[in-house]
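Numbering (numbering that gives the first Met the number 0), first residue to last: 0 to 485.
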Amino acid sequence: MATKLPESPKSTAAPHIAILGGGITGLTAAYRLTKLLPNAVVQLFEASKRLGGVLFTDRQADMLVERGADSFQRKLPWAFQLCKELGLEHEIVPTCEENRRALVVRNGKLYPVPEGFVVIRPNLLGPVLRSPLLSLPAKIRLLFERWIPKAKGLDATDYDESVASFATRRLGREAFEQLVQPLLAGIYTADPEKLSLAATMPNILKEEWQYGSLRKAFLAAKQSSNPTEASASGARYANFVSLKGGLQRLIDVLAEQLPQENIHLHSPMTLVQQTPDQKWTTQLSNGSQQGPFDGVIVALPAPCAAKVVADVDTQLSELLQSIPYASSAVVCLTLKKSEISKPLEGFGIVVPTVEGSNIVAASFSSLKFPGRVPDDILLVRVFLGGALRPEMVDLTDAELQELAATELCDLIGAHGKPVLIDVVRWREKMPQYHVGHVPLVREIEKQAAQHQGLELAGNAYHGVGIPQCVRSAEDAAQRLAHYLEQ
Ligand SMILES: Cc1cc2nc3c(=O)[nH]c(=O)nc-3n(C[C@H](O)[C@H](O)[C@H](O)COP(=O)(O)OP(=O)(O)OC[C@H]3O[C@@H](n4cnc5c(N)ncnc54)[C@H](O)[C@@H]3O)c2cc1C
């Protein structure tokens with residue numbers, strides 16, 4: 000439980016800092032502050048009974064199941080570097096080399112994402128033209144990409160457009176619906192008609208502006224690019240890694256770096272307030288007050304952050320509140336491999352909305368990271384809900400299990416009954432970067448900067464992935480340390 004701190008940090012040289020939220024962002028911020036300010040007293044407050052937030056590994060006797068996030072990008076270096084710094088380098092595991100691709104559903108059948116098709120960019124034309132995922136008119140339309148004129152106003156500051164608008168404009172509606180939409184849904188659980196291209200893939204906009212087309216940009220970069228990069232498809236699985244013991248290992252090791260008496264579980268913060276002497280206090284839902292603190296890092300999803308800062312700055316609170324979040328459900332199932340009739344030549348399935356399915360995606364977790372279940376078993380995580388099907392999260396466990404199992408078995412040709420491992424709901428956990436997100440975040444940061452000693456960090460601002468959350472936490476810790484050292 001939360002402890003009452005000494006009355007005033009002024010009486011001691013050690014700065015007192017509160018971190019709100021015990022996900023990867025809050026824990027990283029806390030850890031970094033202990034390195035930057037070794038004499039600081041860092042207290043971390045987490046609403047739930049456990050640390051980790053969306054990073055949540057369930058380790059059973061012969062099974063390792065990720066209930067939330069399952070991997071992170073290595074090329075965005077921040078999470079990878081943090082693991083190395085924490086001595087976890089030897090526990091980092093790459094995705095299995097075999098079958099590094101996603102499968103897409105078309106008319107109820109599974110086909111691999113064409114080689115070289117990376118989320119929105121058809122790097123290699125041959126595989127796209129040979130793929131049964133697109134009709135002949137759609138392939139011809141896609142070939143014309145290099146001659147499609149640039150968007151008007153592309154060079155304007157803060158030019159933005161939805162991913163759906165961009166992809167339809169450049170690649171054609173069918174390529175968008177059949178490939179781009181499902182691949183993006185697997186990453187952002189978003190509505191692509193609202194998803195901001197400037198916030199999620201700014202390099203794509205830059206390429207159109209600079210070269211006039213994605214094709215020309217690809218050809219210009221080809222000389223220097225690595226051939227395996229060019230032929231990667233889907234979510235570029237070669238860039239993704241996990242930890243041998245699951246991502247919870249990172250959470251556990253981060254938590255070990257902090258004095259255990261400074262980690263407060265079951266501590267839902269409701270309010271941050273400023274004292275007349277420019278310090279900070281926090282309030283728990285039971286009304287108890289903590290502090291004063293010299294600094295606070297709010298490492299919460301934006302809607303929660305909006306509530307806790309409401310007393311400090313209503314405008315900041317309203318801006319934070321305007322970042323929408325989506326919910327999703329994950330149904331974890333196992334199947335006997337001997338009862339599956341179709342070859343599983345990929346890491347998972349993405350389902351275009353136009354298929355009218357109840358599932359968004361399915362990840363073949365045990366093929367992605369081998370050794371997580373006995374060899375004769377397939378571990379699958381089926382994703383439902385997201386921005387386009389929010390009502391799914393309110394179904395009962397039994398309903399979710401039934402939908403997930405039936406649709407999965409149809410798709411992969413499984414005749415046995417899947418065994419349920421877990422149903423997990425992630426309510427309001429995935430921020431939706433809508434068109435206009437970039438200037439909105441700029442506005443939030445400008446407003447937040449008026450409150451010295453108060454920092455925001457998390458997945459709401461500059462990227463939803465684990466690496467971006469780590470960077471956001473590191474940046475917030477740096478800013479706070481800099482302020483406290485002045
Ligand atoms: C289902 C799913 C799968 C994902 N998969 C991947 C993936 O494979 N790779 C990847 O890179 N990214 C993935 N992401 C995104 C990434 O995992 C998240 O963006 C990231 O983990 C968010 O971390 P966080 O610490 O900012 O927030 P959270 O993990 O949401 O943690 C916030 C914490 O704050 C606590 N909290 C909330 N309110 C309060 C309060 N008032 N007081 C105190 N504590 C509070 C919460 O209980 C929670 O523990 C996934 C996201 C989801 C939802």
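The beta-carbon is built from N, C-alpha and C at its ideal position, and this holds for glycine as well. Treat the numbers as computed from the prediction; the structure is a model and nothing was measured.
Next on the checklist: Please report the distance separating the alpha-carbon of phenylalanine 363 from that of glycine 347.
Outcome noted: 5 Å
Checklist entry - By DSSP, does histidine 15 sit in helix, in strand, or in coil? => result Residue state, collapsed to three classes: strand.
Item to check | alanine 360 - partner residues in DSSP beta bridges | outcome: The bridge partners DSSP lists for alanine 360 are Val349 and Phe382.
Checklist entry - Where DSSP assigns a beta bridge to tryptophan 279, which residues make up the other side? => result Answer is Gln273 and Phe292.
Checklist entry - Where do the N-terminal and C-terminal ends of the alpha helix (DSSP H) with threonine 333 fall, by residue? => result Per DSSP, threonine 333 belongs to no alpha helix (DSSP H); it is in the beta strand (DSSP E), 324-335.
Next on the checklist: Output needed for leucine 50: all residues of its chain with C-beta closer than 6 Å, excluding positions within five of it in sequence on either side, in chain order.
Outcome noted: Taking C-beta separations shorter than 6 Å and ignoring five residues to either side along the sequence, the partners of leucine 50 in its chain run Gly21, Ile250 and Ala254, following chain order.
Checklist entry - Alpha carbon to alpha carbon, what distance is there between glutamate 96 and leucine 218? => result CA-CA distance, leucine 218 to glutamate 96, rounds to 26 Å.
Checklist entry - Which residue from Leu334, Gln247, Val103 and Ala480 puts its Cα closest to that of valine 560? => result Residue 560 lies beyond the stretch modelled for the chain, which goes from 0 to 485, so this question has no answer here.
Item to check | Same chain only: Cβ atoms within 6 Å of alanine 472, ignoring 5 sequence neighbours per side | outcome: Thr24, Thr27, Ala28 and Ala456
Item to check | threonine 281 and methionine 268 closer than 8 Å at C-beta | outcome: yes
Next on the checklist: Please determine whether the Cβ atom of threonine 280 lies at a distance below 7 Å from any heavy atom of ligand 1.
Outcome noted: no
Checklist entry - How would you call leucine 439, buried or exposed, if buried means at least 16 neighbouring beta carbons within 10 angstroms? => result buried
Checklist entry - Going by DSSP, what residues sit across from lysine 428 in a beta bridge? => result Its beta-bridge partners do not exist; DSSP assigns none.
Item to check | Where glycine 245 falls, given that 16 or more other Cβ within 10 Å makes a residue buried | outcome: buried
Next on the checklist: Taking only three categories from DSSP, how would you classify methionine 0?
Outcome noted: In this prediction, methionine 0 has a pLDDT of 39, which is less than 50 and means its spatial position is unreliable; nothing more can be read from the coordinates.
Checklist entry - In or out: aspartate 69 buried (at least 16 other Cβ within 10 Å) or exposed? => result buried
Next on the checklist: Measuring straight from C-alpha to C-alpha, what distance separates histidine 481 and glycine 152?
Outcome noted: 39 Å
Checklist entry - Would you call the CB atoms of alanine 459 and alanine 301 closer than 8 Å? => result yes
Next on the checklist: In the DSSP output, which residue or residues are listed as bridge partners for valine 240?
Outcome noted: Phe71 and Pro93.
Checklist entry - Under three-state DSSP, which class holds alanine 101? => result strand
Item to check | Extent of the continuous alpha helix (DSSP H) to which threonine 56 belongs | outcome: Threonine 56 -> not in any alpha helix (DSSP H); beta strand (DSSP E) instead, spanning 56-59.
Next on the checklist: To the nearest angstrom, how far is the alpha carbon of arginine 478 from that of isoleucine 91?
Outcome noted: 29 Å
Next on the checklist: So, at 8 Å on beta carbons, what are the nonlocal neighbours of valine 252 in its own chain, with the 5 sequence-adjacent residues on each side left out?
Outcome noted: Leu85, Gly86 and Leu87
Checklist entry - Between which two residues does the alpha helix (DSSP H) containing valine 469 stretch? => result Note, valine 469: alpha helix (DSSP H), 465-484.
Checklist entry - Between alanine 361 and leucine 19, which are expected to be in contact by the criterion C-beta below 8 Å, what is the C-beta distance as a whole number of angstroms? => result Not confirmed; about 34 Å, so no contact.
Checklist entry - Taking the Cβ atom as the reference point for each residue, do alanine 78 and proline 466 lie within a distance shorter than 8 Å? => result Against a cut-off of 8 Å, the Cβ pair of proline 466 and alanine 78 comes out as a contact.
Next on the checklist: Is glycine 290 near ligand 1 - that is, is its Cβ less than 7 Å away from at least one heavy atom of it?
Outcome noted: No, Cβ of glycine 290 sits at least 7 Å from all heavy atoms of ligand 1.
Checklist entry - Any chance the CB of cysteine 82 is under 7 Å from a heavy atom of ligand 1? => result no
Checklist entry - Would DSSP call glutamate 160 helix, strand or coil? => result coil
Checklist entry - Which whole-angstrom value describes the C-beta separation of leucine 123 and alanine 174, a residue pair presumed to lie in contact below a C-beta threshold of 8 Å? => result Not a contact, Cβ separation roughly 14 Å.
Checklist entry - Can you find a heavy atom of ligand 1 that lies under 7 Å from the Cβ of glycine 452? => result Judged by the Cβ position, glycine 452 fails to qualify as a neighbour of ligand 1 at the 7 Å threshold, every heavy atom of the ligand being at least this far.
Checklist entry - How big is the Cα-Cα spacing for glutamine 277 and glutamine 259? => result 28 Å
Next on the checklist: If I follow the unbroken beta strand (DSSP E) through proline 111, where does it start and stop?
Outcome noted: 108-111
Next on the checklist: Quick check on the burial criterion: 16 or more other C-beta atoms within 10 angstroms. Buried or exposed for isoleucine 139?
Outcome noted: exposed
Item to check | Backbone CA spacing between alanine 17 and phenylalanine 44 [nearest angstrom] | outcome: 7 Å
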